[in-house]
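Take a look at the structure below.
2 protein chains.
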Amino acid sequence: MEATPKIEPIISTTMADQVEERLREYITHKAFRPGDAIPKEVELAEALGVSRNVVREALSRLRMLGMIDTKKRRGMILTQPDILSGLERMMHPHILGTDTRKQIFEFRLVLEVGQAALLFVRKTDEGIQKLEAIVKQESQVLTIQEKVDCEIAFHSALYEMAGNETIKRFQAMLMPVFEYVVEYETDHDFHTVGSVTHRDLVNILKNGTPEEFTSGMLKHLEPHLLRLA
Amino acid sequence: MEATPKIEPIISTTMADQVEERLREYITHKAFRPGDAIPKEVELAEALGVSRNVVREALSRLRMLGMIDTKKRRGMILTQPDILSGLERMMHPHILGTDTRKQIFEFRLVLEVGQAALLFVRKTDEGIQKLEAIVKQESQVLTIQEKVDCEIAFHSALYEMAGNETIKRFQAMLMPVFEYVVEYETDHDFHTVGSVTHRDLVNILKNGTPEEFTSGMLKHLEPHLLRLA
DNA sequence: ATTGCACTTATGTAGTACATATCGATGCGA
DNA sequence: TCGCATCGATATGTACTACATAAGTGCAAT
Chain A
-3 MEATPKIEPI
7 ISTTMADQVE
17 ERLREYITHK
27 AFRPGDAIPK
37 EVELAEALGV
47 SRNVVREALS
57 RLRMLGMIDT
67 KKRRGMILTQ
77 PDILSGLERM
87 MHPHILGTDT
97 RKQIFEFRLV
107 LEVGQAALLF
117 VRKTDEGIQK
127 LEAIVKQESQ
137 VLTIQEKVDC
147 EIAFHSALYE
157 MAGNETIKRF
167 QAMLMPVFEY
177 VVEYETDHDF
187 HTVGSVTHRD
197 LVNILKNGTP
207 EEFTSGMLKH
217 LEPHLLRLA
Chain B
-3 MEATPKIEPI
7 ISTTMADQVE
17 ERLREYITHK
27 AFRPGDAIPK
37 EVELAEALGV
47 SRNVVREALS
57 RLRMLGMIDT
67 KKRRGMILTQ
77 PDILSGLERM
87 MHPHILGTDT
97 RKQIFEFRLV
107 LEVGQAALLF
117 VRKTDEGIQK
127 LEAIVKQESQ
137 VLTIQEKVDC
147 EIAFHSALYE
157 MAGNETIKRF
167 QAMLMPVFEY
177 VVEYETDHDF
187 HTVGSVTHRD
197 LVNILKNGTP
207 EEFTSGMLKH
217 LEPHLLRLA
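The following block contains the structure:
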C-alpha cells in the first residue's frame, strides 16, 4: 500500500474535459441523428464561456472517436462513431499492464467459445470449405511460423463466418496482446493444442450442434484455460 | 450508386491527426514503460514543426484515452491506458446505426455463452450463494421492472464471478444498447426466456461442467438467437 | 443553362501573452 | 542542524488575435 491510503479525490478536471463532457451530453441527450449540424466553434465557445482553443481540444477528441465530422466551411455534423476507434489506438502489448494483458487474453478465449452462438446461424458451405482448406494446409506444414499462420488463419476464418464485423475487428485487435501473453507470460507453447483439433471443430460445424461446438472449443483451448489462476 | 463510382481517395488529414499518429508511434514503438517522461509541449511543437496549438490537440486526445498524464510543472508521463475509455463515450444506442446496434446485441450473446470458459475456473461458494439469492428473489417477483432488474442482477453476478474486470465493464457498457435493441428492434419480449432458467444455470454451475453450462446458456438465450438472421 | 469569378464564411494553423500549479532552492529562526 | 516559510523558475492551461485555406453563394457573361 502507498503512504496515503485513500486521500486525493480531487481530479484536476480541466476545461477541455468539461467541455468535452458537455458536448457529449449535448450530442447524446437530445434526439440528434447522424447528419445533424452542430453549432460553430465560436458559438460553442461563447455559449460555454471558454476560449475557442478549449472548444477545439474537446471537438478534436470527438472527431478522433468519429462522433463528428468537420469540413472547411460546412461546419460540423454528427456522424455515427466507430466504436472501436478508441480501442485500436492503444492495443499495444507493452503499454498495457500485466493484469490488463491477462484480461485481454481471457477475453479472446471467451470470444472463441461464445462464437458458436453465431456460427451455427451463419455458417455457409463456402466458409466451411475455406476452413477445410486451411486444415488441409495445416497438416502439411513444416515450420513453426507456418503453423502459427495457419492457427491464425483458421480462427480468422471462423470470425469471418460468424458474420459480425465488430466482433471480428475486435478479435483482430486482441490478437497481438494475446500472442504477447502466450509468448512472454505463460510457460507453454503457442501451438500447444488440446484434445480437439481444428479438423474436429470443422466436422462439428458441418454435422454437429452449437452445444457440441462450444464443448469442442473448450477442449481445444484447454491448455490455455488450465493456465488461468 | 453515386455519380462518381470511385473518386475521392483524398482524406483531409489534418495536422493534429498526423501529430497524434506520430506521437502514438513514438510512445508505442520505443521501449517505453508507464511512468516514463515525454518531451515538453514546446519541444514537441518545435521538433515536429507545428504550432503548440496543434500539439496540444493531439496530446488532448491521448490524454482522453488515458495514454498520458500531465501535471502542471512536472510535464507529461506515460500511463497505462484504460482500454475501454474510448468505448464508454459512445455507447449510446441512438447515435449508433442499426447495423452496429445489432452487432453489439450479438456481441453480448457471444460473451454470455463464452463466459463459461472463465466461470468454472473462478467460481466461488459465495458467488453461487449470491446467484441463488437472486434466483430466489426472482421467483417472488411481481412487476415487469422487478423481473428485468433480477435479469440484469443475475447476469451481472455471473460476470462478477468470472473475475475479469475488463469483460465485466465491457458487458455493462453493452447492456444499454442490448436493451434498446430488444425493446425497439425485435418483436419479442425482453424477458422471454428459453427452456433453461436461471435456476437451471446455477445448478449446472454448482454440479455440472463448463460444457453443460455453455449448452445451458445457449438454450437460455435461444429466443434471442432464433431472431438472428 | 452552364461556366467563371469574386465574395463570404467556418475551420485549420500560428503566434503571443498571461494564469496557475508545483518543484526546488534559498534564507530565516529555533 | 533541522524545520518552515518564502520566493523564483518552469511546464501546462487558457485566452486572444491574426491569417490561411477550403467551400459554399451569388452574380455576371457567354
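Read top to bottom, the protein sequences are chains A and B.
Everything in the first sequence is counted per this note's numbering, starting at -3 for the first residue and increasing by one.
Everything in the second sequence is counted per this note's numbering, starting at -3 for the first residue and increasing by one.
Note that CB positions come from ideal geometry on N, CA and C, so glycine has one too.
Q: Answer yes or no: do LEU74/B and ILE23/B have a C-beta to C-beta separation smaller than 8 Å?
A: In this structure, ILE23/B lies closer than 8 Å to LEU74/B by Cβ.
Q. Just checking, does the region 135 to 149 of chain B make contact with the region 106 to 122 of chain B on the three C-beta pairs under 8 Å criterion?
A. Cβ pair count under 8 Å is below three, so no.
Q) Quick one: does ALA12/A have its CB under 8 Å from some CB of chain B? A) Answer yes: the Cβ-Cβ gap between ALA12/A and chain B drops below 8 Å somewhere.
Q: Kindly indicate the opening and closing residues of the beta strand (DSSP E) around ILE79/B.
A: For ILE79/B, there is no enclosing beta strand (DSSP E), as DSSP marks it with neither H nor E.
(Q) Can you look up ASN33/B in the DSSP assignment and give me helix, strand or coil? (A) Strictly speaking, residue 33/B in this sequence is Ala, with Asn absent from that position. If DSSP states are grouped into helix, strand and coil, ALA33/B belongs with the strands.
Q: Could you check what DSSP says for LEU222/A in three-state terms: helix, strand or coil?
A: In this structure, LEU222/A counts as helix in the three-state DSSP scheme.
Q) Does any CB atom of chain A fall closer than 8 Å to the CB of SER211/B? A) Yes, contact with chain A.
Q. With which residues is ASP65/B paired in a DSSP beta bridge?
A. Per DSSP, ILE73/B.
Q. If you compare alpha carbons, which of ILE91/A, GLU84/A and LEU80/A is closest to LEU92/B?
A. It is LEU80/A.
Q. Hey, out of LEU55/A, GLU17/A and HIS25/A, whose CA is closest to PRO35/A's CA?
A. The option with the nearest alpha carbon to PRO35/A is LEU55/A.
Q | Separation of VAL50/B from GLU134/A, as counted between CA atoms | A | Going from the Cα of GLU134/A to the Cα of VAL50/B covers about 49 Å.
Q) What residue range is occupied by the uninterrupted alpha helix (DSSP H) comprising PRO172/B? A) In the DSSP annotation of this structure, the continuous segment of the alpha helix (DSSP H) that includes PRO172/B starts and ends at 161 to 180.
Q | Spatial neighbours of LYS126/B in its chain, beta-carbon cut-off 6 Å, leaving aside the 5 residues before and after | A | In the same chain as LYS126/B, and ignoring 5 residues on each side of it, the C-beta atoms closer than 6 Å to its own belong to ALA153, in chain order.
Q: Indicate whether at least one CB of chain A lies closer than 8 Å to the CB of THR162/B.
A: Yes, THR162/B counts as interfacial toward chain A.
Q: Kindly give me the distance between the Cβ atoms of GLU122/A and ARG52/B, rounded to whole angstroms, as I take these residues to be in contact under 8 Å.
A: Not quite, the Cβ-Cβ distance comes to about 50 Å (not below 8 Å), so this is no contact.
**Q.** Cross-chain neighbours of ARG48/A in chain B, by beta carbon under 7 Å
**A.** Chain B residues near ARG48/A: none, gap ~10 Å exceeds 7 Å.
Q) How big is the Cα-Cα spacing for LEU170/B and ASN203/A? A) Roughly 33 Å between the two C-alpha positions.
Q) When DSSP labels each residue in this structure, what does SER8/A get in the three-state scheme? A) In this structure, SER8/A counts as coil in the three-state DSSP scheme.
**Q.** Every unbroken alpha helix (DSSP H) inside the region 185 to 218 of chain A [4 residues or more]
**A.** Runs found: 194 to 203 and 206 to 216.
Q. Taking all protein chains shown into account, do 16 or more other C-beta atoms lie within 10 angstroms of the C-beta of HIS25/A, making it buried, or fewer, making it exposed?
A. The residue is exposed, with fewer than 16 neighbouring Cβ atoms inside 10 Å.
Q.
So, at 8 Å on beta carbons, what are the nonlocal neighbours of MET63/B in its own chain, with the 5 sequence-adjacent residues on each side left out?
A. Spatial neighbours of MET63/B in its own chain (CB-CB distance under 8 Å, excluding positions within 5 residues in sequence) are listed in chain order as ARG20, ILE23, LEU74, THR75 and PRO77.
Q.
Between ILE148/A and chain B, is the shortest Cβ-Cβ distance under 8 Å, so that the two count as touching?
A. False, the Cβ-Cβ gap to chain B never drops below 8 Å.
(Q) Just to make sure I have the definition right: I need the residues of chain A whose C-beta is within less than 9 Å of the C-beta of ARG20/B. Which are they? (A) In chain order: ARG85, MET86 and HIS88.
Q: Under 7 Å Cβ to Cβ from HIS220/B, same chain only, skipping five residues before and after it: list those, please.
A: Within the same chain, HIS220/B has close Cβ partners LEU105.
Q | Amino acids of chain B, ordered along the chain, whose beta-carbon sits closer than 7 Å to that of SER56/A | A | In chain order: ALA12, GLU53, SER56 and ARG57.
**Q.** Sequence-distant residues of the same chain with beta carbon closer than 7 Å to ALA(-1)/B, five excluded per side
**A.** Note that ALA(-1)/B scores a pLDDT of 38, beneath 50, so its modelled location is shaky; the value from the coordinates is reported in the next line. Closer than 7 Å at the Cβ level, and outside the excluded window around ALA(-1)/B, lies no residue.
Q: Since I believe GLN99/A is in contact with GLU161/B (beta carbons under 8 Å), could you give me their beta-carbon distance rounded to a whole number of angstroms?
A: Contact between GLU161/B and GLN99/A holds: their C-beta atoms lie close to 6 Å from each other, under 8 Å.
Q. Between which two residues does the alpha helix (DSSP H) containing PHE101/A stretch?
A. Segment 94 to 110, the alpha helix (DSSP H) holding PHE101/A.
Q. Excluding sequence positions up to five away, which residues of its chain have a Cβ less than 7 Å from the Cβ of SER47/B?
A. The residues are ALA41.
**Q.** Whole-Å CB distance - HIS194/A paired with VAL131/A, under 8 Å assumed
**A.** The C-beta distance from HIS194/A to VAL131/A rounds to 5 Å, short enough to meet the 8 Å contact threshold.
Q: Leaving aside the five residues before and after GLY212/A along the sequence, list all residues of the same chain whose C-beta is less than 7 Å from its C-beta, in chain order.
A: Around GLY212/A, the same chain offers VAL192, ASP196, LEU197 and ILE200 as residues with beta carbons nearer than 7 Å, after the five sequence neighbours per side are excluded.
**Q.** Whole-number beta carbon distance between TYR155/A and GLN167/A, since they are thought to touch under 8 Å
**A.** Confirmed, Cβ separation roughly 5 Å.
**Q.** Endpoints, the alpha helix (DSSP H) within which VAL50/A is located
**A.** Note, VAL50/A: alpha helix (DSSP H), 48 to 60.
Q.
Here's a check: name, in chain order, each residue in its chain whose Cβ is nearer than 6 Å to the Cβ of PHE101/A, leaving out the five neighbours to either side.
A. So the list reads PHE174 and VAL177, once near-sequence residues are dropped.
(Q) Using only CA atoms, which one of MET157/A, GLY31/A, ILE124/A and GLU84/A lies nearest to LEU61/A? (A) Of MET157/A, GLY31/A, ILE124/A and GLU84/A, the smallest CA-CA separation from LEU61/A is found for GLU84/A.
Q) With 16 as the cutoff for other CB atoms within 10 Å, does VAL38/A come out buried or exposed? A) Of the residues assessed, VAL38/A falls on the exposed side of the cut-off, its CB having fewer than 16 other CB atoms within 10 angstroms.
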